[in-house]
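Protein chains in written order, with the numbering used here: chain A, 190 to 505; chain B, 190 to 505.
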C-alpha cells in the first residue's frame, strides 16, 4: 500500500506524557527520537508548548514545555530528516513564549482546539507560521460537535492560511463509517489542504480508523509506539508501519525501542485497551472519568463503573 | 446498527482453551454460560469434539472432548435460548463418538477444515446434520489459500446441504479490503447460505474486520470475552455487543463475568496483542512460532524474533 504523499507522525512522548505528566527519562525520549530517525518516520511530536505560568515545573516534566535547552539536550541541532513538532493548546501558551523557528529545534507547531476556539486556533497558527513554523490545527472531540457548528469551523479553516487540518477522535468513539463521513466532509470543505488522522483505541478501532482515513485520502497519520497514549492509547505505530509497507519506513528500529524502552514502561503506566475506556468510548464520553476510575482502587469493578457512567449520561 | 438476522457466537472457552489446554474450572465455564444466557447471546461454543484416542485426558481438560456428562454438569438440560456448539477438527473425531443430537446438550457442530479437507468437512457436516445438529463449516487459514483452490472449495460448499460457512482469519493477517473481498466472494458463490466471520487480533483488526464483515452481509459473528483466544485472541465480545446496540443483547452480564472470571485470568494466560503476534500476522504466518516465542524466556526480544521470522519466511 504505497502512497508517496503519506507522512507519519510519532506522538509517543506528547500523547504518552498525558499518562505520566511527561516525566520521561532523557534516555527514553532519546531512544524514541533515534528510533524515529532510523525508521524514517517523518515527524516526531516531542511534547507540548506550554507557559510555565500555567503549569508547575516541579510537577510536569520538560516535555510539557519543550524549551530549547531541553530539546537541544536530546536532539542537538537535529541534523536529520526527522522533523520535530510540539502541540500548543489554546489559552495555555503566550505568544511571546514561542521562539522564532530559526531559534528552535522545532519544525512544526500543532494547535489543538475545541470547536468554539477555532478562530483563536487560526490566529495562533498564523502567528506560528509568521515565526517560520509549519502548522496544523487539530480539532479535538469532534464526535461531540454538531454538524452545523462543524461546517462553520470548516469555513474558517478553509479561509485560513493553515495547510493541514486533523480529524481527531479524542474519545475513541468512532467507527469506520463515522471516520469515512468525517474525512470526506473535511476533504470536500478544504480543497487543497492536507487532512490528518489522530485516533484513540477505546474500542480497538484506532488502527482500523487510521486505515479507513488513509483510504479516504488522509495523508498525515498520527501513531505512537505500542499505542502509548492517554487512556486506551493511540494507533500503534508498529502496526501502521507494518501495514504501509512503504520503502521509506523501517520496522526494526521501532521494535528495538519498543523492546528497550516502551514495553518495559508497561509496569509503570497502564495504558491500552481496558474495559473502563471501552465504556467511555462507547458512550462518546470524555475519558476523564474512566481515567479517574483506572487510577482508583475500584479500577477492576467494571460493572459499577458502567452503571455510574450510564446514570451520569442519562442525567447529563 | 440493528440487523435482526445477526447472531453472535461466544467462543471464549473453545478458542481460549487453545491457550490452556481447556483446563478451565467449572466455575469459569459456568460463569461464561450464565453470562451468555443473561446477555442474550445466541450461541456458545463450549469446546471441541475430539476422540479420546487422539488426546490424553490427563493433559487436556473436559472441553477438548465435550462429553455429555461434562456438559450436563455445567448446563443441566440447558433450558434456555442459548444454543451450544462444539467444534470438530477433521481427523480428530470418529463418527461413532458423535452422539445423536437428541441425546446431547449440543445444538450445533462446527466443522473446521483446511482447504484440502473441504470434501471431508462436507461429509462430516452431513453426518452431523443427519444426527440432528445444526452445522457450520469453518475454512481455516484462508489468507494462504490461492484463489483457484478457494473457488473449487466454494463449489463443493455450494453443492452441499451445509447452510453456514465461515470466513476465518486464522493468522490475523487480514485488513478491511481483504475481508471485503473474501466475504463478497463467499456471498456471491453461496447464494442462500449464511456467512460467518471469525477474526484474530494480531494487528488489532479483529473488531474492525468483524465490523466490515457485518457491513458486507455476514450474520454469524464469532467473538470472545476480552478477546480471550489463541495468541492475539479474537474479536472482544463486549466491544461487539456495545457496537451492535441490538435490543436483544445486554452488555452488563458480559462485564460481570469479565470482572469475575476473565480479567483475573490475565495473570495465568498471556493472550492479546503482543509484538510477536503482530509479526506473524503481518507476515501471514501460522501463529505457531509466535506462540512458542511467547512461551520462551526470549518472549520480549522482539527484534530477534522479527529477524528469525523474516529469515524463515524468505527461505520457505
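Using N, Cα and C, we set each Cβ at its ideal position, and we do this for glycine too.
Proximity below 9 Å, CB of residue i to CB of residue j
i: residue 277(B); j: residue 237(B); result: yes
i: residue 483(B); j: residue 459(B); result: yes
i: residue 463(A); j: residue 434(A); result: no
i: residue 387(B); j: residue 356(B); result: yes
i: residue 196(A); j: residue 231(A); result: yes
i: residue 401(B); j: residue 382(B); result: no
i: residue 384(B); j: residue 409(B); result: yes
i: residue 252(A); j: residue 259(A); result: yes
i: residue 323(A); j: residue 292(A); result: no
i: residue 406(B); j: residue 376(B); result: yes
i: residue 359(B); j: residue 315(B); result: no
i: residue 243(A); j: residue 298(A); result: no
i: residue 262(A); j: residue 234(A); result: no
i: residue 441(B); j: residue 492(A); result: yes
i: residue 320(B); j: residue 275(B); result: no
DSSP state of residue i mapped onto helix, strand, coil
i: residue 495(A); result: helix
i: residue 435(A); result: coil
i: residue 466(A); result: helix
i: residue 204(B); result: helix
i: residue 453(A); result: helix
i: residue 263(A); result: helix
i: residue 197(A); result: strand
i: residue 288(A); result: coil
i: residue 236(B); result: strand
i: residue 485(B); result: coil
i: residue 385(B); result: strand
i: residue 213(A); result: coil
i: residue 505(A); result: Legend: pLDDT at residue 505(A) = 44, less than 50; position of this residue unreliable, value from coordinates given subsequently. In the structure shown, residue 505(A) sits in coil (DSSP, three-state: anything other than H, G, I, E or B).
i: residue 282(A); result: coil
i: residue 277(A); result: strand
i: residue 365(B); result: helix
i: residue 303(B); result: coil
i: residue 355(A); result: strand
Of the residues the options, the one placed nearest residue i, counting alpha carbons only
i: residue 331(B); options: 418(B), 463(B), 324(B), 343(B); result: 343(B)
i: residue 286(A); options: 255(A), 259(A), 261(A); result: 255(A)
i: residue 453(B); options: 212(B), 207(B), 217(B); result: 217(B)
i: residue 392(B); options: 415(A), 375(A), 496(A); result: 415(A)
i: residue 363(B); options: 288(B), 399(B), 445(B), 382(B); result: 399(B)
i: residue 366(B); options: 432(A), 245(A), 439(A), 492(A); result: 432(A)
i: residue 424(A); options: 396(A), 446(A), 442(A); result: 396(A)
i: residue 476(A); options: 437(A), 420(A), 289(A); result: 420(A)
i: residue 335(B); options: 305(B), 314(B), 230(B); result: 305(B)
i: residue 223(B); options: 474(B), 447(B), 492(B), 351(B); result: 447(B)
i: residue 265(A); options: 445(A), 219(A), 194(A); result: 219(A)
i: residue 445(A); options: 485(A), 404(A), 390(A), 427(A); result: 427(A)
i: residue 465(A); options: 326(A), 262(A), 361(A), 480(A); result: 480(A)
i: residue 270(A); options: 491(A), 282(A), 198(A); result: 198(A)
i: residue 500(B); options: 301(B), 468(B), 485(B); result: 468(B)
i: residue 194(B); options: 485(B), 441(B), 437(B), 471(B); result: 437(B)
i: residue 239(B); options: 211(B), 221(B), 322(B), 227(B); result: 211(B)
i: residue 379(B); options: 234(B), 411(B), 326(B), 486(B); result: 326(B)
i: residue 159(A); options: 374(A), 213(A), 429(A), 439(A); result: Residue 159(A) cannot be examined here, being either before or after the span of chain A that is shown, 190 to 505.
i: residue 208(A); options: 221(A), 249(A), 215(A); result: 249(A)
i: residue 156(A); options: 490(A), 312(A), 274(A), 394(A); result: Nothing can be reported for residue 156(A), as the shown portion of chain A is limited to 190 through 505.
i: residue 490(A); options: 457(B), 451(B), 490(B), 290(B); result: 451(B)
i: residue 338(A); options: 350(A), 351(A), 368(A), 307(A); result: 307(A)
Inter-residue CB distance, residue i and residue j (contact presumed, cutoff 8 Å)
i: residue 536(B); j: residue 474(B); result: The question about residue 536(B) has no answer, for chain B in this structure spans 190 to 505.
i: residue 228(B); j: residue 443(B); result: 5 Å
i: residue 309(A); j: residue 279(A); result: 5 Å
i: residue 301(B); j: residue 329(B); result: 6 Å
i: residue 205(B); j: residue 333(B); result: Actually they do not touch by this definition, with Cβ atoms about 24 Å apart.
i: residue 411(A); j: residue 225(A); result: Rounded, the Cβ-Cβ distance is 13 Å, inconsistent with contact.
i: residue 470(B); j: residue 361(B); result: 4 Å
Any C-beta of chain A within less than 7 Å: which residues of the stretch 476-497 of chain B qualify? 489, 490, 491, 492, 495
Any residues in the stretch 442-462 of chain B with a beta carbon nearer than 7 Å to a beta carbon of chain A? Which ones, in chain order? 444, 445, 447, 448, 452
For the stretch 372-393 of chain B, which residues have a CB atom closer than 8 Å to at least one CB atom of chain A, in sequence order? So the list reads 390, 392, 393, given in the order they occur along the chain.
According to a CB-to-CB cut-off of less than 9 Å, which residues of the stretch 357-371 of chain B neighbour chain A? 364, 365, 366
According to a CB-to-CB cut-off of less than 8 Å, which residues of the stretch 419-439 of chain A neighbour chain B? 425, 427, 428, 431, 432
Proximal residues, the stretch 259-283 of chain A versus chain B, C-beta separation under 8 Å: none
Could you run through the stretch 393-406 of chain B and flag, in chain order, every residue whose CB is less than 9 Å away from some CB of chain A? 393, 394, 395, 396, 397, 398, 400, 401, 404
Chain B contacts from the stretch 462-473 of chain A (Cβ-Cβ distance under 7 Å): Flagged, chain order: 464, 467, 471.
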